[in-house]
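To convert a position in the sequence shown, counted from 1, into this note's numbering, add 683. Where a beta carbon is used, it is the ideal one built from N, C-alpha and C, also for glycine. Keep in mind it's a predicted model, so treat the numbers as computed, not measured. Quick notes on the structure that follows.
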Amino acid sequence: MQKIITYTTDITNVALPEKLNDPFVVSLKPHELVTRAVAQLQEHLTSQNEWKHNFGLVENYSGKPIGKMFGVLVVQTILGDLGFLAAFSGKLADGNHHQYFVPPVFDSLHENEFLNRGMRALKVINDQIKEIELAGCKAMSEHIKLKEKRKAHSQALQNQLFDAYKFLNSSGHTKTPNQLFDNPPAGAGECAAPKLLQYAHIHRLKPLAIAEFWWGAPTSSGNVMRTHQQFYPACEDKCGKILGWMLDNDNVQY
Numbered sequence: 684m685q686k687i688i689t690y691t692t693d694i695t696n697v698a699l700p701e702k703l704n705d706p707f708v709v710s711l712k713p714h715e716l717v718t719r720a721v722a723q724l725q726e727h728l729t730s731q732n733e734w735k736h737n738f739g740l741v742e743n744y745s746g747k748p749i750g751k752m753f754g755v756l757v758v759q760t761i762l763g764d765l766g767f768l769a770a771f772s773g774k775l776a777d778g779n780h781h782q783y784f785v786p787p788v789f790d791s792l793h794e795n796e797f798l799n800r801g802m803r804a805l806k807v808i809n810d811q812i813k814e815i816e817l818a819g820c821k822a823m824s825e826h827i828k829l830k831e832k833r834k835a836h837s838q839a840l841q842n843q844l845f846d847a848y849k850f851l852n853s854s855g856h857t858k859t860p861n862q863l864f865d866n867p868p869a870g871a872g873e874c875a876a877p878k879l880l881q882y883a884h885i886h887r888l889k890p891l892a893i894a895e896f897w898w899g900a901p902t903s904s905g906n907v908m909r910t911h912q913q914f915y916p917a918c919e920d921k922c923g924k925i926l927g928w929m930l931d932n933d934n935v936q937y
């Protein structure tokens with residue numbers, strides 16, 4: 684269980700949560716195991732030298748500043764040992780895999796031969812459209828057909844990508860974004876919470892408590908202002924149906 688992080692502080696006398704907290708609600712008083720895990724993760728973020736990423740916290744740092752949502756999931760093994768998992772949303776330092784964090788549900792950077800083939804085919808269609816546009820109105824009907832072909836190809840490729848994300852629940856059953864959504868949102872499955880629960884279910888770890896926080900310069904997303912080190916709930920639009928499925932048979936405190 685190399686991704687289970689051991690607490691560096693003594694948690695012997697810390698009582699376990701009765702139920703897994705609701706990931707869509709930020710508690711005014713997070714469980715002590717969560718706050719300790721978050722403090723340990725944040726210490727790691729400030730001291731690690733494995734990778735470099737501009738979070739917008741240091742002036743004149745190279746690269747475009749991009750803050751990140753990070754998450755922790757307190758877990759218990761079948762032997763009763765306690766620890767926590769850590770995850771980040773999307774990619775970090777242009778990568779999906781880093782030593783401290785759980786892997787993605789689907790690794791689009793390495794398990795994506797179908798995606799590479801699809802993107803190459805899409806480029807061919809785009810090049811054909813550009814050639815016709817340069818030719819003028821005489822080939823307008825062909826131009827329309829190619830645009831329709833591009834749209835259909837893009838949709839098929841997107842559906843194939845969504846089918847590669849197989850979300851596991853505690854009963855060992857899987858569903859894809861195409862099965863959970865009528866129209867899956869872009870980035871479905873790339874948030875921290877699904878990554879954490881996926882790893883926990885694969886390795887038969889019991890989820891005890893979960894939390895996510897923002898790490899980076901302040902930014903706004905929709906109507907939400909994200910502030911450095913502050914806790915935030917899981918996003919309803921991308922994660923609502925995914926987490927609902929993944930936690931279907933877990934003891935969750937709603």
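Through-space distance from residue j to residue i, alpha-carbon basis
i           : j           : result
residue 916 : residue 895 : 7 angstroms
residue 863 : residue 873 : 15 angstroms
residue 867 : residue 911 : 29 angstroms
residue 763 : residue 842 : 40 angstroms
residue 886 : residue 813 : 49 angstroms
residue 784 : residue 930 : 21 angstroms
residue 714 : residue 908 : 24 angstroms
residue 782 : residue 861 : 30 angstroms
residue 744 : residue 735 : 10 angstroms
residue 837 : residue 758 : 39 angstroms
residue 928 : residue 697 : 30 angstroms
residue 890 : residue 925 : 16 angstroms
residue 685 : residue 769 : 12 angstroms
residue 778 : residue 882 : 18 angstroms
residue 888 : residue 739 : 34 angstroms
residue 946 : residue 727 : Given a span of 684 to 937 for the chain in the structure shown, any question on residue 946 remains unanswerable.
residue 753 : residue 828 : 44 angstroms
residue 937 : residue 806 : Interpretation of residue 937 is limited by its pLDDT of 38, a score under 50 that renders its predicted location unreliable; no figure is taken from the coordinates.
residue 709 : residue 717 : 12 angstroms
residue 711 : residue 699 : 18 angstroms
residue 722 : residue 689 : 13 angstroms
residue 871 : residue 695 : 37 angstroms
residue 876 : residue 772 : 8 angstroms
residue 840 : residue 749 : 27 angstroms
residue 869 : residue 848 : 12 angstroms
residue 902 : residue 720 : 24 angstroms
residue 938 : residue 761 : Residue 938 lies beyond the range of the chain shown here (684 to 937); nothing can be said about it.
residue 687 : residue 879 : 11 angstroms
residue 831 : residue 730 : 51 angstroms
residue 918 : residue 706 : 9 angstroms
residue 913 : residue 855 : 33 angstroms
residue 701 : residue 922 : 23 angstroms
residue 791 : residue 693 : 38 angstroms
CB-CB length for residue i against residue j, believed under 8 angstroms
i           : j           : result
residue 899 : residue 774 : Contact flag wrong, Cβ pair sits at about 14 angstroms.
residue 892 : residue 703 : 7 angstroms
residue 846 : residue 857 : No, residue 846 and residue 857 are not in contact; Cβ-Cβ is about 11 angstroms, not under 8 angstroms.
residue 884 : residue 853 : 6 angstroms
residue 850 : residue 788 : 7 angstroms
residue 737 : residue 747 : 6 angstroms
Enclosing alpha helix (DSSP H) for residue i [first to last residue]
i           : result
residue 730 : 715–730
residue 874 : Looking at the DSSP string, residue 874 is not in any alpha helix (DSSP H), and its letter there is neither H nor E.
residue 694 : No alpha helix (DSSP H) contains residue 694, which DSSP labels as neither H nor E.
residue 928 : 919–929
residue 863 : 860–863
Residues sharing a beta bridge with residue i, DSSP
i           : result
residue 890 : 758
residue 898 : 751
residue 915 : 895
residue 854 : DSSP output for residue 854 lists no bridge partner at all.
residue 688 : 767
residue 842 : Per DSSP, none; premise fails for residue 842.
residue 903 : 908
Beta strand (DSSP E) segment containing residue i, residue limits
i           : result
residue 907 : 907–909
Residue i at chain C interface by Cβ criterion, 9 angstroms
i           : result
residue 922 : No chain C appears in this structure, which consists of one protein chain only.
Any beta strand (DSSP E) of 3 or more consecutive residues that is wholly inside the segment 736–795: 751–759 and 765–771
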